Each structure stands twice: as C-alpha cells, then as structure tokens.
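Novice: Provided herewith is a single structure, encoded as structure tokens, for subsequent inquiry.
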C-alpha cells in the first residue's frame, strides 16, 4: 500500500519467485556451470542474495521488483546447487544430513514470517525494517563460505580440475531423470495448491480468517518434525520408496478427508496434509542419489526443480478454476487427490535405486 501497487502489480510481484524457480535460475545455472566451479557459483549467488535483499526496501517500486528478482534468482540457484555440495562432500551420509538442511529451511522460513512484522513495528514502523534485517543471514553465510571457496580454488589449481560440460541430451533421454522430475512436479503442485487455497477453503466453510490461518500454520508446524523423522526412520540407504510412499499416502488421506469429511475431524485432515508437506528432504535425497555422477547432480536438480516449479505454478490456478466452476471445494480436492495418486506412482519409480546404484552398494 505504501508503494501504491495495484492488485495486478502485487500479484506479479508475488509470482516473481515462482518464475525464477521455474525458468531463470535453471537456465542461468546450466550456462554458468560450464565455466565455473560449484563453490564459485554459490559464492556469487550469496552476493546476489545480499544485494537483492538490501535493494528491496531502499527505493521505489521499480527497485523493489528488481531486488525481488535478484534475490529470487539467488535463492533458486542455491536450492539447485546446495544438494550438489552434499553429494560431493558427504556421499553415503547425505541421507542423514539433508533432512537437517531442510528443517533449517522450514524453521527459518517460519521465523521470517513470524518475526518480520514485529521487527518492522519496532524499527522503521513499516515493511522496510522487517525486510532489510534479513540481509544479515546471507552476509553471515557468505563469510562462512569464503574459506570453502578458497580451499576449492586451491584444489582446482593444484589438480588442474575442469568443470565437466553436462550432456543435457543424455539427461533428458534418461527415464529415471523424468521419474524424478515428475515426482517434483506432483509434490510441488500439491504444496503450492494447498498453501494457496487451504485458508480460503476454511473461510468458505465458516472459519474466521484467524482460525483459517492457524490451520495452515498447524500444517507447517507438523511438517517440520516429520521432515526429520520420516527420512531417519524410513529413508536410510539408497532405496527411498518407503518414505516417499508414506508422505504421499498421508497427503492422499488428507485430501480425500477435505473432499468428503471436512465437517468432522478437520484437524486430522490438516495433520495428514502436514505430513505430506514433509516430503522435501526425501525429494532432495532422491535428486542427489539418482544423479549418476557429482557433475550430473546440479543439472538434474535444475531439471527437476525448474520443470517442477513451472508445472506447480499452474496448480493453484487450476484448483481455483475447478472450485469456481463447481461452486465448492469438493471437486478441487478430488482433483488434487488424483494428482496425488500420480505422485504415488512417480514416488515408487523415482525412489527405486538404479541398477548401477544397487550393484555399487553390494
């Protein structure tokens, strides 16, 4: 409101991150990856994130859009490349460590949403204070990353390493890569559609706006501990079918409950949806495990996340159209349940180890 943005402009502003996750970052990373090491790219992305976060609140709406785009590209690129570092540095231990990474993501995302307004109220009295303060985090991350960049640079020079050019044709003709990408499409569609429409659903069912928001917050809160528990209990090793089938089945139960039994056991359905939202650790583990080499991990991550987020951006639109056409939410949640059934198949195929992985494990 303070910038005088129209609803259309505000809608475009909120769509910038999804656009960057779907298009800008994967294309940019794939081109740059051919000439620079992963560590250098991560350092550059952290600098871009710092600049984008600092720019957003400083000037007018044009700079706000530019800063949002810059920060979004940086976050999208980091999302793609951080799993590459896990595969390179930790190898077999990544199934234990990646869940902690995703829990940190979810925790700080929740803290950001919870603390931004209080910080704004106690600093600048508007949205700027609650935005610029978060530039401290990428600054700290960049300072911590500098020694790693220097170490990898020395290793690069000493061993005359070269960055391997990715064979994209081989990647796009690989059936397993498409299974992983299809799984990302489904899980991202379910997540974004639920986040976008769950509060509105409850408001239409007679809940207050506060109670509807609490339902979404409850689903998010449930997802955080399950992001750790599911991979640790069910996801050790290269076979990730069990944890992925578990979280997808939980989503299916929650969606069917929302379609047929929303007047009873509402918290149960939201609880199940929260378990379904805990799929991110297993998704990242699958992406890293199914990459045949360390050099392929980045491109596979870009392929899965890029196409996954592009398809997911259509999910809330389709759900909204179905709900409006049907005059209620039953058909919309049945549509998401059908998507979830596809996810069960994709989860089974993507979670299954390659034959080469199985032979290496033996």
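In the working numbering, the protein residues as written are 52 to 413.
C-beta: ideal position from N, C-alpha, C; glycine also.
Everything numeric in this text was worked out from a predicted model, so none of it was measured.
Whole angstroms is fine: what's the gap from residue 145's alpha carbon to residue 242's?
Specialist: Approximately 24 Å, taken between the alpha carbons.
Novice: Hey, out of 117, 366 and 323, whose CA is closest to residue 269's CA?
Specialist: The shortest Cα separation from residue 269 among 117, 366 and 323 belongs to 323.
Novice: Around the Cβ of residue 173, are there at least 16 other Cβ atoms within 10 angstroms (buried) or fewer (exposed)?
Specialist: Burial call: exposed.
Novice: Roughly how many angstroms separate the alpha carbons of residue 190 and residue 354, rounded to a whole number?
Specialist: About 28 Å.
Novice: Please state whether DSSP places residue 203 in a helix, a strand or coil.
Specialist: It is helical.
Novice: By the three-class DSSP mapping on this structure, what secondary structure does residue 166 have?
Specialist: Looking at residue 166 - three-state DSSP - the assignment turns out to be helix.
Novice: Sorted by chain position, which residues of the same chain lie with C-beta nearer than 7 Å to residue 423's C-beta, five sequence neighbours on each side aside?
Specialist: Nothing about residue 423 can be reported from this structure: the residues present for the chain run from 52 to 413 only.
Novice: Have a look at residue 179 and residue 171 and give me their C-alpha separation to the nearest angstrom.
Specialist: Their backbone Cα atoms lie some 7 Å apart in a straight line.
Novice: Residue 78: buried (16+ other C-beta within 10 angstroms of its C-beta) or exposed?
Specialist: Flag for residue 78 reads exposed.
Novice: Excluding sequence positions up to five away, which residues of its chain have a Cβ less than 7 Å from the Cβ of residue 402?
Specialist: Only 290, 291, 292, 295 and 337 meet the Cβ criterion.
Novice: Within 10 Å of its beta-carbon, does residue 169 have 16 or more other beta-carbons around it, so buried, or fewer, so exposed?
Specialist: Exposed, because fewer than 16 other Cβ atoms sit within 10 Å of the Cβ of residue 169.
Novice: Measure the CB-CB distance between residue 237 and residue 394 and report whether it falls below 8 Å.
Specialist: Yes; because the gap between Cβ atoms is below 8 Å, this pair is in contact.
Novice: Could you pull the start and end residues of the alpha helix (DSSP H) that residue 230 belongs to?
Specialist: Residue 230 -> alpha helix (DSSP H) spans 226 to 255.
Novice: Under a three-way DSSP split, which group does residue 212 fall into?
Specialist: With a pLDDT of 43 at residue 212, under the threshold of 50, the modelled position of this residue cannot be trusted; read the value that follows with caution. In the structure shown, residue 212 sits in coil (DSSP, three-state: anything other than H, G, I, E or B).
Novice: Which residue's Cα is closest to the Cα of residue 331: 185, 187, 203 and 356?
Specialist: Ranking 185, 187, 203 and 356 by Cα distance to residue 331 puts 356 first.
Novice: Note down, in chain order, each residue of its chain lying with its Cβ closer than 8 Å to the Cβ of residue 132, except the 5 sequence neighbours on either side.
Specialist: Closer than 8 Å at Cβ, skipping near neighbours: 80, 89, 92, 93, 96, 349 and 352.
Novice: When you compare the region 115 to 132 with the region 157 to 164, are there three or more beta-carbon pairs, one atom per stretch, that lie closer than 8 Å?
Specialist: Contact between the region 115 to 132 and the region 157 to 164 is absent, because fewer than three Cβ pairs lie under 8 Å.
Novice: With a threshold of 6 Å on Cβ separation, who are the neighbours of residue 108 within its own chain once the five nearest residues in sequence on each side are excluded?
Specialist: The answer, listed in chain order, is 179, 182 and 183.
Novice: Distance check for residue 259 and residue 335, CA to CA, integer angstroms please.
Specialist: Approximately 36 Å between the Cα atoms of the pair.
Novice: With a threshold of 7 Å on Cβ separation, who are the neighbours of residue 150 within its own chain once the five nearest residues in sequence on each side are excluded?
Specialist: Same-chain partners within the cutoff: 278, 279, 282, 283 and 332.
Novice: Taking only three categories from DSSP, how would you classify residue 70?
Specialist: DSSP places residue 70 in helix when its eight states are reduced to three.
Novice: Verify whether the separation of the beta carbon atoms of residue 325 and residue 252 is less than 8 Å.
Specialist: Result no, Cβ atoms of residue 325 and residue 252 do not sit closer than 8 Å.
Novice: Have a look at residue 209 and residue 203 and give me their C-alpha separation to the nearest angstrom.
Specialist: In this predicted model, residue 209 has a pLDDT of only 43, less than 50, meaning its place in the structure is not dependable; the value taken from the coordinates is given anyway. Cα to Cα, residue 209 sits roughly 10 Å from residue 203.
Novice: Distance check for residue 307 and residue 391, CA to CA, integer angstroms please.
Specialist: So the two alpha carbons sit approximately 10 Å from each other.
Novice: So, for residue 285: in the same chain, excluding its five sequence neighbours on each side, which residues have a beta-carbon less than 8 Å away from its beta-carbon?
Specialist: The residues are 293, 294 and 297.
Novice: Please report the distance separating the alpha-carbon of residue 413 from that of residue 406.
Specialist: Note that residue 413 scores a pLDDT of 47, beneath 50, so its modelled location is shaky; the value from the coordinates is reported in the next line. Approximately 11 Å, taken between the alpha carbons.
Novice: Buried or exposed: residue 315, going by 16 or more other Cβ atoms within 10 Å of its Cβ?
Specialist: Under this definition residue 315 is an exposed residue.
Novice: Could you name the residues of the same chain whose beta carbon sits closer than 7 Å to that of residue 102, not counting the 5 residues immediately before and after it, in chain order?
Specialist: 121.
Novice: Taking only three categories from DSSP, how would you classify residue 292?
Specialist: Residue state, collapsed to three classes: helix.
Novice: How big is the Cα-Cα spacing for residue 143 and residue 231?
Specialist: Each residue's alpha carbon lies about 19 Å from the other.
Novice: Give me the Cα-Cα distance between residue 127 and residue 378, rounded to the nearest whole angstrom.
Specialist: For residue 127 and residue 378, the distance between alpha carbons rounds to 36 Å.
Novice: Sort 342, 152, 71 and 250 by Cα distance to residue 227 and report the nearest one.
Specialist: Ranking 342, 152, 71 and 250 by Cα distance to residue 227 puts 342 first.
Novice: In whole angstroms, what is the alpha-carbon distance linking residue 344 and residue 300?
Specialist: Between residue 344 and residue 300, the C-alpha separation is close to 31 Å.
Novice: By the three-class DSSP mapping on this structure, what secondary structure does residue 138 have?
Specialist: Looking at residue 138 - three-state DSSP - the assignment turns out to be helix.
Novice: So which of 157, 156 and 185 has the shortest CA-CA distance to residue 167?
Specialist: Looking at the Cα atoms, 185 is the closest of the given residues.
Novice: What three-state label does DSSP hand residue 95 in the structure shown?
Specialist: Here residue 95 sits in helix by DSSP.
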